[in-house]
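Working notes for the structure below.
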Amino acid sequence: MRSALDAPRRPPQRRSGRVSLARCQDRHVQRYSRGELVAVLDTSDLDRAAAFWTAVLGYRRDEYGGGPYLSLVPSSGDGVELLLQRTGDPKGGKNRMHLDLRTSDLEAEVARIEAAGGVRLTSEVVVEQGWRWHVLADPDGNELCVLQPPDD
Numbered sequence: 848m849r850s851a852l853d854a855p856r857r858p859p860q861r862r863s864g865r866v867s868l869a870r871c872q873d874r875h876v877q878r879y880s881r882g883e884l885v886a887v888l889d890t891s892d893l894d895r896a897a898a899f900w901t902a903v904l905g906y907r908r909d910e911y912g913g914g915p916y917l918s919l920v921p922s923s924g925d926g927v928e929l930l931l932q933r934t935g936d937p938k939g940g941k942n943r944m945h946l947d948l949r950t951s952d953l954e955a956e957v958a959r960i961e962a963a964g965g966v967r968l969t970s971e972v973v974v975e976q977g978w979r980w981h982v983l984a985d986p987d988g989n990e991l992c993v994l995q996p997p998d999d
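Here the sequence shown is numbered in the working numbering, starting from 848 and rising by one per residue.
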């Protein structure tokens, strides 16, 4: 099993900060107090993952990427970049972090994500404190939740 020290987890260009800062000028990015927030998702197949996540999120492929990386950005230009990272490491167990997609129509959104290649992991709707949701997985098995908030 590889450790985090065995190989770089990010493209070398990102480490200098110059490329990332230059990219910030071209589109609005999600910032945090010290820079730019990017969500990284491991995948075994960049093209398959990109097709799924662009369909689900309404994102587009960005020109940035190469090698084991493919950047997806919101079509509107505003929001969090999703950086797909190709890896041969098998997924093991439940994700410690996942995306929540909040919607006003749970059933329709779950059906749309399933049509894009998602797999429903919950057989019944989960209900907690008025929230209703299903747990799904992308084609690599990464979990995501589709939630409908309480009516109030």
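Here a beta-carbon is modelled for each residue, glycine too, at the ideal position from N, C-alpha and C.
Under the criterion of beta carbons closer than 8 Å, Ser-918 and Leu-904 do not qualify as touching, at roughly 13 Å. Judged by pairs of C-beta atoms under 8 Å, the segment 952–960 does not touch the segment 925–940, as fewer than three such pairs exist. For Gly-914, the closest of Arg-933, Ile-960 and Gly-882 by C-alpha to C-alpha distance is Arg-933. Between Val-993 and Trp-980 a beta carbon distance of about 6 Å is seen, short of the 8 Å cut, so the two are scored as contacting.
Between Thr-890 and Pro-997, the alpha-carbon positions lie close to 33 Å from each other. Just so you know, the alpha carbons of Glu-971 and Ala-897 end up roughly 28 Å apart. Classified as exposed, Glu-910 has fewer than 16 neighbouring CB atoms from the shown chains inside 10 Å of its CB. The residues Glu-990 and Leu-991, in chain order, have a CB closer than 6 Å to that of His-945 in the same chain once the five nearest residues on each side in sequence are set aside. Here the alpha carbon of Ala-886 sits roughly 17 Å from the alpha carbon of Ala-902. Looking at the DSSP output, Thr-890 shares a beta bridge with Arg-933. For Glu-990, the uninterrupted beta strand (DSSP E) segment begins and ends at 990–995. Distances from the CA of Tyr-906 to each of Tyr-916, Asp-892, Val-927 and Arg-895 were compared; the closest alpha carbon is that of Val-927. Only exposed fits Val-973, as fewer than 16 other CB atoms lie within 10 angstroms of its CB. By the Cβ neighbour-count rule, Leu-983 is buried, with 16 or more other Cβ atoms within 10 Å of its own.
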